[in-house]
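Enquirer: The working numbering numbers the first residue of the sequence shown as 9 and each following residue consecutively. Built from N, CA and C at the ideal position, the CB exists for glycine as well. Keep in mind the model is a prediction, meaning the values are calculated, not measured. Mind looking over this structure? Questions follow.
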Amino acid sequence: MAQLCEGLAACGHEISVITSFPHYENFRIWDEYKGKLIERSKYQDVDVTRLYVYAAGKKSMVNRLLSYLTFNALAGITGGFSRRRWDVILCPNGSFFTGVTAWLVGKLKGAPFIYNVQDLYPDVPIRAGQLRNPSAIVALKGIERFMYRKAAHVTVISPLMRDTLISRGVSAEKISVIPNFVDTDFIRPLPKTNNFGQQQGLADKFVVTHAGNLGYVYDLDTLLDAAHLLSSQKDILFLIVGSGVAKPALEKKAHELKLKNVRFMPFQPHEALPWLRASSDVQVSLYKNDAAKDSFPSKVYEIMASGRPLLASPDGDSALAKVVKAVGCGLCVNPGNGGHLAEAILQLYRDPSLREMMGKRGREYAEVYHSKHTAVRRYDELLRRVAAR
9 MAQLCEGLAA
19 CGHEISVITS
29 FPHYENFRIW
39 DEYKGKLIER
49 SKYQDVDVTR
59 LYVYAAGKKS
69 MVNRLLSYLT
79 FNALAGITGG
89 FSRRRWDVIL
99 CPNGSFFTGV
109 TAWLVGKLKG
119 APFIYNVQDL
129 YPDVPIRAGQ
139 LRNPSAIVAL
149 KGIERFMYRK
159 AAHVTVISPL
169 MRDTLISRGV
179 SAEKISVIPN
189 FVDTDFIRPL
199 PKTNNFGQQQ
209 GLADKFVVTH
219 AGNLGYVYDL
229 DTLLDAAHLL
239 SSQKDILFLI
249 VGSGVAKPAL
259 EKKAHELKLK
269 NVRFMPFQPH
279 EALPWLRASS
289 DVQVSLYKND
299 AAKDSFPSKV
309 YEIMASGRPL
319 LASPDGDSAL
329 AKVVKAVGCG
339 LCVNPGNGGH
349 LAEAILQLYR
359 DPSLREMMGK
369 RGREYAEVYH
379 SKHTAVRRYD
389 ELLRRVAAR
């Protein structure tokens, strides 16, 4: 979203952002924001208002609901009483209630809102097993239908999501498919041997990397199973970069299995990301059964842009599976099957020419269909059209 705002500002739009204090990595507000309710700043040419959000350190479903409610209550008050007027509001569905807030602020300001659907809610937490209460499920599904009705337009990130919303009664004319994107100038094919890799001891290893959130939907247990099966291959290293609710359990499992070929690293600085991906020989996007049906991870475009092959475990009918197979940028394996994953890793390990070919295909696809410039142009056209209407 930050990159999209930069691009829209460069197109001549005046952009103001209402968001929360940073808290995502450990579900705790960063120290520099503690004790504050609101902070205003300037980022590039964008006005940013950051707000308090409840973040108690433990990512339970109840705590997440409290987090969503506190942010949306403050965002509604801040937006509704702001002296600014907007022609259109763009609202990503980062929580269960952001669309309701966008609609309320839009009613007060006379501005339509575009609902940007990154994941289908409440489907994602239901499939992950984090949302089980029948009454809560019914209520949240009702809220989601309300937001689709009230939005002036809905954007989704894959054709499969569009088909799902149409099946739920959203008009096809109201939906645009605008996939997420990657800055292909920033993330690009770079040499495997580089300063970052040498400093981290990766240069002389065959590196299999997961970089991103360590959440409930990701099948990183199976990655550790594959690491256990391949423990005799001394030059294969499994690198897990990031943080999230699943990290403690993963670290415990790696310790119990005595996995010397697995390394955990914290989130890396933004400027190190191209070199982290370049230091990897294979990168993974592994999902549990049914978890990939309702989303499409943007990190896949980063992997493609980096010119490295992808190993994915999506459901066979998901958008991710269709893209990987159609582009030929990697291999798909069955979710939850450590043996299958280990075999796929060995296949890529033993065939450098196959890795190079897959990496090249992914890079070409990212440049043509998922560059930042393409996405910004499409959002620019949509925002102008909705505002004019």
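(1) Taking 8 Å as the cut-off, does the region 293 to 313 touch the region 223 to 236 (at least 3 CB pairs, one atom from each stretch)?
(2) Output the distance between the C-alpha atoms of Gly370 and Ser166, rounded to the nearest integer angstrom.
(3) May I ask which residues mark the beginning and end of the beta strand (DSSP E) holding Cys19?
(4) Quick test of the definition: if touching needs 3 or more C-beta pairs under 8 Å, does the region 78 to 89 touch the region 48 to 63?
(5) What would DSSP say about His236, mapped onto helix, strand or coil?
(6) Could you check how far apart the C-beta atoms of Leu318 and Met312 are, in whole angstroms? I think they sit under 8 Å.
(7) In terms of residue numbering, what span does the beta strand (DSSP E) encompassing Asn141 cover?
(8) From what residue to what residue does the alpha helix (DSSP H) around Asn34 run?
(9) Could you check how far apart the C-beta atoms of Ala159 and Tyr123 are, in whole angstroms? I think they sit under 8 Å.
(10) For the beta strand (DSSP E) holding Lys50, just list the boundary residues, first then last.
(11) Would you mind working out which of Ala18, Glu33, Glu22 sits nearest Gly252, comparing C-alpha positions?
(12) Does the region 195 to 203 come close enough to the region 276 to 293 to have 3 or more Cβ pairs within less than 8 Å?
(13) Which runs of the beta strand (DSSP E), 3 residues or longer, sit entirely within the region 249 to 312?
(14) Does the distance from the C-beta atom of Met69 to that of Leu128 stay below 8 Å?
(15) Go ahead and pull the three-state DSSP assignment for Ala2.
(16) Glu428 to Val249, Cα distance in whole Å?
(17) Alpha carbon to alpha carbon, how far is Thr109 from Thr78?
(18) Would you mind giving the Cβ-Cβ distance between Ala234 and Ala383, rounded to the nearest angstrom? I have them listed as a contact below 8 Å.
(19) Per DSSP, what kind of secondary structure is Ile134 in: helix, strand or coil?
(20) So, Val162 versus Leu173, is the Cβ gap smaller than 8 Å?
(21) Ile151 by DSSP, collapsed to three states: which one?
(22) What does the Cβ neighbour count give for Asn141, buried or exposed, with the cut at 16 atoms within 10 Å?
(23) What residues match up with Cys99 in a beta bridge as DSSP calls it?
(24) When you compare the region 114 to 123 with the region 95 to 102, are there three or more beta-carbon pairs, one atom per stretch, that lie closer than 8 Å?
(25) Is the beta carbon of Ala352 sitting closer than 8 Å to the one on Val341?
Expert: Considering the structure as presented:
(1) yes
(2) 17 Å
(3) Careful: Cys19 lies outside any beta strand (DSSP E) and carries neither H nor E.
(4) Contact between the region 78 to 89 and the region 48 to 63 is present: three or more C-beta pairs spanning the two stretches fall below 8 Å.
(5) helix
(6) At roughly 7 Å, the Cβ-Cβ gap stays under 8 Å, so Leu318 and Met312 are in contact.
(7) Counting along the chain, Asn141 falls outside any beta strand (DSSP E), and DSSP gives it neither H nor E.
(8) Where Asn34 is concerned, there is no enclosing alpha helix (DSSP H), given that its DSSP letter is neither H nor E.
(9) Confirmed, Cβ separation roughly 4 Å.
(10) 46 to 51 is the extent of the beta strand (DSSP E) around Lys50.
(11) Glu33
(12) yes
(13) 270 to 273, 290 to 294
(14) no
(15) Residue 2 lies beyond the residue range present for the chain, which begins at 9 and ends at 397; the question has no answer from this structure.
(16) Outside the displayed range of the chain (9 to 397) lies residue 428, so it cannot be described from this structure.
(17) 11 Å
(18) About 34 Å separates the two Cβ atoms, so there is no contact after all.
(19) helix
(20) yes
(21) helix
(22) exposed
(23) Listed as beta-bridge partners of Cys99 by DSSP are Tyr123.
(24) Contact holds: three or more Cβ-Cβ distances are below 8 Å.
(25) yes
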